Amino acid sequence: MGAVHGCYLKYVGLSLTSWAVASLVYGSPTDITRRDLTNSTGFGVGVGNNEPPLWRFLCGTALYYSASINGFIAVLFKARRFAWLLGKDSKRGTIPFWSYCIFAPFHVPTVLYTFVHCRQMKKKGIPFASEVCSGWYIGGRYSNLLRKHWSCVIDLTVEFPELCWSQTETYYHVPLWDGNPPSIEWIEAAARVATANKEKGKVLVHCAHGVGRSTTVMCACLVKAGEFKTWEEAFEAW
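Oh and the sequence shown: position 164 is 164 in the UniProt record's numbering, straight run, nothing missing.
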């Protein structure tokens, strides 16, 4: 439970697409060399081999870099390893500027996809976060738009900065790639923190879309808090 299978395929697709376009239009990586720059006569934009070599070099390099980064990220998704690599601060939920620079081919499509998906869900009447039990909320990336004050926020993402930081008293971060289930140890730790803060007010458990990771941890929280006897009962309750 908690795994959303196939999430890594988005990045496999991005990697293959970037590589295919670069290979088709610009040739193999060895064809895109700085020797092309010696023949450059201008900076106009053309198509394919009619492009000035400088543009050919820059665009080809960018596409191959995108292919490499997204392929690498897809491997990490599948291996369920090194979620800390993006540099997210576990105390404040911030992502450093260098991460956006180095991993731009990953960050940009991820942010755009999640934004579009969450907006589409909102249009269908699905809120950014829902109260599944008294004072217990489960949500996604944009749960901050509910503009509520939280006694505790359990953040299960590694790819996004925490938008609820200014709205919560206690922040707890569980670094997980999208679609990856949390370990038993992480689940127990998150449930312990959440229940310890529940008496102070509302608790939010969120991932990117409020489906896989957050559902798993929320079930554990509700059982830990004594709301339900088993995770099956907690899951069926909403």
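C-beta atoms are modelled at their ideal positions from N, C-alpha and C, and glycine is treated no differently.
Quick caveat, the model's predicted, so the values are computed rather than measured.
Problem set entry | lysine 91 versus tryptophan 150 - alpha carbon distance | 16 Å
Exercise. Are alanine 196 and cysteine 221 touching if we call contact CB-CB under 7 Å?
Worked result: no
Exercise. Given valine 174, which residues of its chain have a CB within under 6 Å of its CB, disregarding the five upstream and five downstream residues?
Worked result: Leu156, Pro182, Trp186, Ala190
Problem set entry | Cut-off 7 Å between Cβ atoms - residues of its own chain near leucine 86, not counting five sequence neighbours on either side | Ile95, Ser99, Phe103, Val158, Glu159
For this session: Could you tell me if leucine 9 is buried or exposed, where buried requires 16 or more neighbouring beta carbons within 10 angstroms of its beta carbon?
Result: exposed
Problem set entry | Length of the line joining the Cα atoms of histidine 209 and cysteine 219 | 16 Å
Exercise. Do tyrosine 26 and arginine 56 have their C-beta atoms closer together than 7 Å?
Worked result: yes
For this session: Buried or exposed for threonine 114, please, with buried defined as at least 16 other CB atoms from any protein chain shown within 10 angstroms of its CB.
Result: buried
Exercise. Straight-line CA distance for phenylalanine 128 to tryptophan 238?
Worked result: 16 Å
Problem set entry | Distance, glutamate 236 Cα to lysine 229 Cα | 12 Å
For this session: Have a look at valine 217 and serine 15 and give me their C-alpha separation to the nearest angstrom.
Result: 31 Å
Exercise. Ordered along the chain, which non-local residues of its own chain (more than five positions away) have a Cβ less than 7 Å from that of proline 161?
Worked result: Gly93, Thr94, Ile95
Exercise. Is the beta carbon of valine 205 less than 7 Å from the beta carbon of isoleucine 138?
Worked result: yes
Exercise. For serine 66 versus serine 143, is the C-beta distance shorter than 7 Å?
Worked result: no
Exercise. Any idea what DSSP makes of valine 12, helix, strand or coil?
Worked result: helix
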